[in-house]
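>
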Amino acid sequence: MLTKDPSVDRTAGLPAEQTYYIIDFDSTFTKVEALDVLGEISLIGRPDRDDVLAQIQAITDRGMSGEISFTESLELRLKLLHAHRDHLPALVETLMGKISDSFQRNAPFLTEHAEHIYIVSNGFREFIVPIVTSLGVRAEHVFANTFVFGETGEIIGFDPENPLSANGGKSQVIRQLNLDGEVYVIGDGYTDYEIKASGLANRFYAFTENVMRPRVVEKADHIAPSLDEFLYHNHLSRSQSYPKSRIKVLLLENVHPVAVQLFEEEGFNVEIHKGALDEDELIEAIRDVSILGIRSKTMVTRRVLEHANKLMTVGAFCIGTNQIDLDACTEKGIAVFNAPYSNTRSVVELAIGEIIMLIRGIVPKSNAMHQGVWDKSAKNSFEVRGKKLGLVGYGNIGTQLSVVAEALGMEVYFYDAVDKLALGNARKCKSLDELLAIADIISLHTDGRKENKNLISYREFALMKTGVIFLNLSRGHIVDIPALVDAIERGKVVGAGLDVFPQEPKTNNEEFVNALRGLPNVILSPHVGGSTEEAQANIGSFVPGKLLEYINNGSTYGSVNFPELQLPLLKGAHRLLHIHANVPGILAKMNTIFAKYHINIHGQYLKTNEQIGYVITDVAKEYADDVVQELKGIDNTIKFRLLY
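Here you go:
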């Protein structure tokens, strides 16, 4: 029988409005089902171990979802386990490392509310008590089954007098506890829902951090992807200022899976689209999105941003950001990050490969051979050694291409609107016109500013040498396509390689339409300069890293539109992030508020650019709610966030 020791009855005399928290153990307090783990330990060395473990897990799932009775589930699993008392220490040690992440984060909640927290589980006290008491739960508040051991210590069964060994046992326990107040149940199984169904709980929260059981979720009053969400929903103290599950991430254009994994590991709610979205589609999709990840085809316009009610940051999983209205993002306090270095090597290798293929005339020879034509000739086939390579743009890609090309014996010339230090023996040209007249091979590596539209057009092609090789692996709108077609047809350009175009298909299912199709010695590639496995994996790690630093810590280092701040990790304080128009006096107004409420400042950081200011203040945890409201109310405030 279940008994309560009157000496530890904490319910007597409590106010009627007291709230009690009933928490399940397996797959809730811990990430795993303990009996499944016990099987992994007890069945070591058995040739049929994997088959037996699969049977145990299947029985567990059927019991937790309510397909079979709990009693039947328990009896079947214990028979398969062949477990012994000596296995329990290893089980406890393993479970200590399997405590759910959100429970570990919120251990202070468990300690602070220990008087009103109960663990009610169909598992066993022998392993539950050591685990939950390590985070502050009281041993006398643990209600669970107990093992029955044989003479030599083997586990042969369970106490049949314990109500938790039978169907409806959890409801019976709660009824006997006679809790006077609100009762909230947190669990992943159907037996947890039965407490609410029996009229003994006010709310049932389906806990889905570790497992999602559809039959249980559909019965829930609220879905709790983590303990943070439960605490947030009930306005309780928690380790995070917001539950990660409330952060919605929208990733477009088939970004690398490692990015998806990084966001999901953080507990964010991730939505994925393989292709790009047009403006109207993105307006519909971006509502309630906090983090947007795109590549080069999705246009983040001012109109889109007007509908982005929760957007905090945009990540461009590529080098360029011309597809994003940076001014509008800045005005709305949305930080933008990109990947300026991650695919540099991939683009450089493609450029070198195409230069060699074009100057040797390999493409038309290959096409002819596919038609059965054997044309063995050295005519119009040259080495790259000794040729003059002209680089339009000398940034990350241009400089690395310069070094590799020089190693192949090429003479490198470059022009950049910004004064750049030449690497190796590269020579800087005073003007674009000078470079165009010198180069045997011209490769474009400029940024995507609107001012660069048709940077290379009829006039520029006229300045080039007859027989020039021409590459554009940077931005599609930089080259006037009709002018390039004309230059190829007239023989001014004898070979061209293009990876980017003014208009590109949004998905792989759309036809590529361009006047360059069918022209001789022209390499057309579908915007794959940075599309190597190595580059995409690098980008997939780099960009989420920057976005997560901003979301979790407030750091803006690497942002293309925000003042750059690299912040220390937040410890023992609350972090107040204030984004405002760059006008005088904002910092003074903020500090006046802090002084008014006698708030101790642990650290303060300020950085500005022409448009906005970014102030980060770490303060002691104790302060009035009015402080936040007054900080938000300062004139010229754009956005305010609170982290802890």
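The UniProt record's numbering applies: residue 1 is where the sequence shown begins, and numbers increase by one.
Glycine is no exception: its CB is placed at the ideal position from the N, C-alpha and C atoms.
Go ahead and label L277 buried or exposed: buried means 16 or more other beta carbons lie within 10 angstroms of its beta carbon, across all protein chains shown.
Under this definition L277 is a buried residue.
> Is DSSP giving D228 helix, strand or coil here?
Residue state, collapsed to three classes: helix.
> With which residues is S559 paired in a DSSP beta bridge?
Per DSSP, F337.
> Does L277 come out as helix, strand or coil in the three-state DSSP assignment?
Three-state DSSP puts L277 in coil, outside helix and strand.
> So for F127, helix, strand or coil by DSSP?
In the structure shown, F127 sits in a helix (DSSP, three-state: H, G or I).
> Where does the unbroken beta strand (DSSP E) through D440 begin, and where does it stop?
Run containing D440: none; DSSP gives neither H nor E here.
> From I355 to R385, what does the alpha carbon distance come to, in whole angstroms?
Their backbone Cα atoms lie some 11 Å apart in a straight line.
> State the Cα-Cα distance for the pair T532 and A259, rounded to the nearest angstrom.
Looking at the two C-alpha atoms, the distance is approximately 15 Å.
> What's the gap between the Cα of I247 and the Cα of V270?
When rounded, the distance between both Cα atoms is 8 Å.
> Tell me whether the beta-carbon of F149 lies closer than 7 Å to the beta-carbon of R85.
Result yes, Cβ atoms of F149 and R85 sit closer than 7 Å.
> Taking R459 as the reference, which of G476, A483, Y614 has the closest Cα?
Checked all of G476, A483, Y614; the closest Cα to R459 is A483.
> The beta strand (DSSP E) with L236 in it runs from where to where?
That residue, L236, is in no beta strand (DSSP E); it is neither H nor E in DSSP.
> My assumption, with CB atoms under 8 Å, is that L164 sits in contact with F147. Please give the rounded CB distance.
L164 to F147, Cβ: 13 Å. No contact.
> Measuring CB to CB, does S239 end up less than 7 Å from N145?
Their beta carbons are not under 7 Å apart, which means S239 does not touch N145 by this criterion.
> Give every residue of the same chain whose Cβ lies closer than 6 Å to the Cβ of H273, excluding the five residues on either side of it in the sequence, and list them in chain order.
Within the same chain, H273 has close Cβ partners L252.
> As a quick exercise: from Q172, S402, V403, T446, pick the residue whose alpha carbon is nearest that of V418.
Considering only alpha carbons, the answer is T446.
> Over the uninterrupted beta strand (DSSP E) stretch that includes G150, give me the two end residues.
From DSSP, G150 is part of no beta strand (DSSP E); its letter is neither H nor E.
> Suppose the cutoff is 6 Å on Cβ atoms and the five residues either side in sequence are ignored; what does the same chain contact list for L389 look like?
Cβ within range, chain order: A405, M410, V412, I441.
> Could you tell me the alpha carbon to alpha carbon distance between R360 and F542, rounded to whole angstroms?
Taking the straight line joining both Cα atoms gives about 37 Å.
> Under a Cβ-count criterion, where at least 16 other Cβ atoms within 10 Å of its own Cβ denotes burial, should A139 be classed as buried or exposed?
So A139 counts as exposed.
> Pick helix, strand or coil for H141, following the three-state DSSP scheme.
Here H141 sits in helix by DSSP.
> Look at Y193 and F204 and say whether their C-beta atoms are less than 7 Å apart.
Yes, these two residues count as a Cβ contact at 7 Å.
> List the whole-angstrom C-beta distance separating C429 from L423, where the pair is believed to meet the contact cut-off of C-beta under 8 Å.
With a Cβ gap of about 15 Å, C429 and L423 do not count as contacting.
> Would you identify the three-state DSSP class for T191, choosing helix, strand or coil?
Three-state DSSP puts T191 in a helix.
> For H578 and V560, what's the separation of their Cα atoms in angstroms?
Distance between the alpha carbons of H578 and V560: 18 Å.
> Could you please give me the residues that DSSP links to residue 696 through a beta bridge?
Nothing about residue 696 can be read from this structure; the chain reaches only from 1 to 644.
> Considering only residues of the stretch 391-457, which uninterrupted beta strand (DSSP E) runs meet the minimum length of 3 residues and lie entirely inside it, listed in chain order?
With a minimum length of 3 residues, the continuous beta strand (DSSP E) runs that stay inside the stretch 391-457 are 411-415, 441-444.
> Please work out which residues of its chain come closer than 7 Å, Cβ to Cβ, to L38, disregarding the five sequence neighbours upstream and downstream, and give them in chain order.
So the list reads L81, A83, H87, L91, once near-sequence residues are dropped.
> Does the count of Cβ pairs from the stretch 321-341 and the stretch 289-306 closer than 8 Å reach three?
Flag = yes, the stretch 321-341 and the stretch 289-306 touch.
> Among the candidates I488, Q503, E182, whose CA atom is the shortest distance from the CA of G497?
Minimum Cα distance to G497 is reached at I488.
> Name the DSSP bridge partner or partners of T313?
I291, A335, per the DSSP bridge assignment.
> Per DSSP, T19 is paired with what?
T19 pairs with E182.
> Does the stretch 446-457 come close enough to the stretch 306-326 to have 3 or more Cβ pairs within less than 8 Å?
These segments touch.
> Does the separation of the CB atoms of G558 and F337 fall below 7 Å?
Yes, Cβ-Cβ distance for G558 and F337 is below 7 Å.
> Kindly indicate which three-state DSSP category K388 falls into: helix, strand or coil?
Correct three-state label for K388: strand.
> Going by the CB atoms, is the gap between P225 and S245 shorter than 7 Å?
Yes; because the gap between Cβ atoms is below 7 Å, this pair is in contact.
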